[in-house]
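Here the protein sequences line up with chains L and D, keeping their order.
With my numbering applied, the first sequence corresponds to residues 211 to 354, in that order.
With my numbering applied, the second sequence corresponds to residues 211 to 354, in that order.
For each residue, glycine too, the CB sits at the ideal point set by N, CA and C.
Take a look at the structure below.
There are 2 protein chains.
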Amino acid sequence: MMISTKGRYALTTLIDIAQNYDGETPVSIKEISDRQGLSVKYLEQIIALMVKGGFLKSIRGAHGGYLFTRPIDQIRVGEILDAAEGTLAPVDCLKGGTVCSKSASCPTFPLYKEIDNAIYEVVNRYTLADLVNETSGESGSKKA
Amino acid sequence: MMISTKGRYALTTLIDIAQNYDGETPVSIKEISDRQGLSVKYLEQIIALMVKGGFLKSIRGAHGGYLFTRPIDQIRVGEILDAAEGTLAPVDCLKGGTVCSKSASCPTFPLYKEIDNAIYEVVNRYTLADLVNETSGESGSKKA
DNA sequence: AATAAAGTCTAGTAATGTGGTAGGATTAAA
DNA sequence: TTTAATCCTACCACATTACTAGACTTTATT
């Protein structure tokens, strides 16, 4: 499985926040937990990754919660998944930096590279806004 | 990691057999193990999956080994990886049969489906013959 | 000032999956 | 009958995943 609960919950969580967002009032973990049926404690960790990824900022203290740092049509799904999962690379030899030393003569390397490209082409074509609209019944925003 | 050693070794192994194949003499696990530096015992398990997948047939006993059941340009990489890994599906909800009950209203389902499609588009475009040619120095056979 | 509602940080842990190893049984050639 | 090979299945160490837990900090409200 390439996309673990971390990545899936991250998307679910950001979509949930977006759907319950007025631009001013922070959305709390408790709310998200109640609506999505996910544990508060695990959500804390997922959301921490989203803050670190630069999509959310936190308001601490009573009536605190999370706000988006930028419009949701400027957050690409690929960025979210990378922040949650580390990478979506289908094989280790594609993980940035430490490329396998034999990749130049590896008969399968071009294949893996193409799979990787294909995955990122999809996830970078979608924005968070596209996913939120999907729920609302629209379906015309799949194509770039 | 979506493609584990099982899938990677499966490809490596079939490529190795193809490169040392005369169409009649069975290629043994011992040979492959020596050339590729993989353990005989682990290779046994990988190759068993390839036999089950219908790409190889075995000749038992002394001087035994494995033969292809059909021309290597008729074996698609996607079939090999499916046989080795079970599935390349990026999320559980896409695994055949048991589709998640909420998929109809799931805002992320279309995204996952598209990722899945993109992956299979790539792996089904390549055949084993393409990968073997890749090694030999050719590079014109990437496109379908 | 006290309280309560929130986020922050770090440690621990059960379950699962990965990547093997091991041993013995079976088959067939020499 | 010996030997070279596949076949079958059990086992195991390690890493990762998917959480749980608890103590601490911050801030609004009273």
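Of the residues D/D340, D/E234, D/R218, the one placed nearest D/K267, counting alpha carbons only: D/E234
What does the Cβ neighbour count give for D/N327, buried or exposed, with the cut at 16 atoms within 10 Å? exposed
Looking only at DSSP bridge pairs, what is L/T337 linked to? L/R286
Which chain L residues sit within Cβ distance under 7 Å of D/E289? Within chain L, no residue comes near D/E289; the closest Cβ sits about 14 Å away, beyond 7 Å.
Would a check of beta-carbon distances place L/I257 closer than 8 Å to chain D? no
With DSSP as the reference, identify every bridge partner of L/G275, one or two as the case may be. Per DSSP, L/I269.
Residues of the region 218–247 of chain D whose Cβ lies closer than 8 Å to any Cβ of chain L, in chain order: R218, L221, T222, I225
Boundaries (first-last residue) of the alpha helix (DSSP H) holding L/K396: Any property of residue 396 of chain L remains undetermined from this structure, which presents chain L solely from 211 to 354.
Note the first and the last residue of the continuous alpha helix (DSSP H) segment covering D/S243. 239–246
Using only alpha-carbon positions, find the residue among D/P236, D/D340, D/M212, D/A258 that is nearest to D/Y276. D/P236
Does DSSP put L/L253 in a helix, a strand or coil? helix
Quick check: what's the CA-CA separation for L/Y336 versus L/V342? 11 Å
L/G271, buried or exposed, once every other Cβ within 10 Å from all chains shown has been counted against 16: exposed
May I ask you to list, following chain order, the residues of the region 272–285 of chain L that have a beta carbon less than 9 Å from some beta carbon of chain D? none
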